[in-house]
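The structure appears right after this line, and notes come after that.
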Amino acid sequence: MATSSIAAADGGACTSTEAPRLPYVIYEGDTVICQTSDGRMFFQAVAKDDAIFEEQNKKLVKVTGGLFPDPVAPETGDGFVPDGDNRHYADTNSAQTLKQTDIGELREKGASGKEIIQKLVENSSTWETKTEFSKQKYLKKKQQKYMPRVRFLRCTAESLCRTYRLKNPAKICNLREDSLGQILVYGNIFAGGQVLVVDTCMGLVTGAIAERQGGSGRIICPYEGQQPAADILRRFNFGTVLMSSLVGNFFY
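Counting along the sequence shown from 1, when you hit position 147 you're at 147 in the UniProt record's numbering, and nothing is skipped either side.
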């Protein structure tokens, strides 16, 4: 990686009538990282209906609400003694009388995850004998299945590096977030600079450089082969100003 400074007259700054993209705002057509309550992470393009998504049968299902509260929260305090005793309970999978077919019918009728969990509680013959800890453990398990929480993360250099490191580290040459930061520091990346970078990490390093420069500067991106492997670069949601700082046929 090589770096040098360039003057504004050399074309480092790009004039554009495009409205500036506000930070921490998700726009239609952007790609976001969805982090679910059960630890899964996947990419999702934002659609027009402003929905929070859950994965079910590999289809996008619109869900109302955001972060769901726990249906039951135990009371705590000084001298709190848990109720219930499950020492004599034997798990024979016969305590739940609500069958999968019944749950399927509830879903077809449009029942929410909270309503399904409430039905499971009502049809559990051992619910009243459970301790408060067991109740919370049971509810948490059912919430992960029927009421998945989804957190949207912006696609930044740090979040993309972390996501690929957890899901498919080979695509980014096992690059860690701290190592990516060191590359930017040792490469002396600054706004208004001219950078030469050969990226073999699916465009992650190139996107991190463009993110730091903020569209002020020039990034020369040679690549080997007929077309570059820059799938990660497309996930940064850069506008035309930032993309104009890239010199090289990176797209199409």
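Ideal Cβ placement from N, Cα and C applies to all residues, glycine included.
Everything numeric in this text was worked out from a predicted model, so none of it was measured.
Which same chain residues end up closer than 6 angstroms to residue i when comparing Cβ atoms and leaving out the 5 residues on each side of it in sequence?
| i | result |
| --- | --- |
| F42 | C34 |
| L166 | none |
| V121 | W127 |
| K45 | Sequence check: residue 45 is Ala here, not Lys. Answer for A45: T31, listed in chain order. |
| I189 | I209 and R212 |
| N174 | none |
Between residue i and residue j, what straight-line distance do the alpha-carbon atoms span, to the nearest angstrom?
| i | j | result |
| --- | --- | --- |
| L204 | Q136 | 41 angstroms |
| Q96 | K140 | 17 angstroms |
| R218 | Q194 | 5 angstroms |
| S244 | V150 | 33 angstroms |
| Y186 | L180 | 10 angstroms |
| Q118 | A47 | 31 angstroms |
| N237 | C155 | 7 angstroms |
| V25 | E128 | 46 angstroms |
| N168 | A157 | 16 angstroms |
| R234 | G225 | 19 angstroms |
| E108 | S125 | 25 angstroms |
Looking only at its own chain, which residues have a Cβ that is under 7 angstroms from the Cβ of residue i, when we skip the five neighbours before and after it?
| i | result |
| --- | --- |
| G77 | Interpretation of G77 is limited by its pLDDT of 49, a score under 50 that renders its predicted location unreliable; the figure taken from the coordinates is listed afterwards. Closer than 7 angstroms at the Cβ level, and outside the excluded window around G77, lies no residue. |
| D199 | V205, T206 and C221 |
| F142 | Note that residue 142 is Lys in the sequence shown, not Phe. I117 and L120, listed in sequence order. |
| R162 | E177 |
| residue 261 | Absent from the model: residue 261. The displayed extent of the chain is 1 to 252, so no value can be given. |
Kindly indicate the opening and closing residues of the alpha helix (DSSP H) around residue i.
| i | result |
| --- | --- |
| R162 | A157 to K167 |
| M202 | Unbroken run through M202: none, as it is neither H nor E. |
| Q144 | E132 to Y146 |
| G225 | Element bounds for G225: n/a, residue is neither H nor E. |
| R234 | D231 to R234 |
| I183 | E177 to Y186 |
Between residue i and the rest of its own chain, which residues show a CB-CB distance below 8 angstroms, the 5 nearest in sequence each way excluded?
| i | result |
| --- | --- |
| I232 | L160, Y164, K171, I172, C201, M202, G203, L204 and G207 |
| F184 | Looking at the sequence itself, residue 184 is Leu, so the reference to Phe does not match. A208, I209 and R212, listed in sequence order. |
| N247 | Note on identity: in this sequence residue 247 is Val, with Asn being the wrong assignment. Closer than 8 angstroms at Cβ, skipping near neighbours: R218, I219, I220 and C221. |
Starting from residue i, trace the beta strand (DSSP E) in both directions and tell me its first and last residue.
| i | result |
| --- | --- |
| I219 | R218 to I220 |
| V150 | V150 to L153 |
Just list the residues that DSSP pairs residue i with in beta bridges.
| i | result |
| --- | --- |
| M41 | Q35 |
| S124 | Q96 |
| V247 | I220 |
By the 10 Å Cβ neighbour count, where 16 or more other Cβ atoms means buried, how is residue i classified, buried or exposed?
| i | result |
| --- | --- |
| F133 | exposed |
| residue 253 | Given that the chain is displayed from residue 1 to residue 252, the structure contains no residue 253 and the question cannot be resolved. |
| V197 | buried |
| Q227 | exposed |
| Y146 | buried |
| G215 | buried |
| A230 | buried |
| L22 | exposed |
| G113 | buried |
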